Amino acid sequence: MRFPVVLHTDDGVRFGVTVPDLPGCFSAGDTFDAALDSAVEAIDLHLEGLTDDGADGYG
């Protein structure tokens, strides 16, 4: 499954990541690649948490 992500930076070095389709899911990294890797982990954990909570998804 794929989710769009939004990367943002203030200094061009460290990046924050938000996942618009998963409210409350966010991550960060010290490099562009690290931020994307962290986003994958954050999405996995977020979805696992929704499953554990018995959520049936969005929409």
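Numbering (our numbering), first residue to last: 6 to 64.
The beta carbon of each residue, even a glycine, is placed where N, CA and C say it ideally should be.
Being a predicted model, the structure only gives us computed values, none of them experimental.
Measuring CA to CA, which of 36, 55, 50, 45 is closest to residue 17?
-> Taking the first residue of the sequence shown as 1, we reach residue 17 at position 12. Considering only alpha carbons, the answer is 36.
So the beta strand (DSSP E) residue 21 belongs to, where does it begin and stop?
-> Here the question's residue 21 lines up with position 16 in the sequence shown. Taken as a continuous stretch (DSSP letters only), the beta strand (DSSP E) holding residue 21 covers 20-23.
Around the Cβ of residue 25, are there at least 16 other Cβ atoms within 10 angstroms (buried) or fewer (exposed)?
-> As a first step, residue 25 is located in the sequence shown; it is residue number 20 there, counting from the start. Residue 25 should be labelled exposed.
Taking Cβ positions, are residue 40 and residue 20 nearer each other than 7 Å?
-> The residue given as residue 40 occupies position 35 in the sequence shown. The residue given as residue 20 occupies position 15 in the sequence shown. A contact, by the Cβ cut-off of 7 Å.
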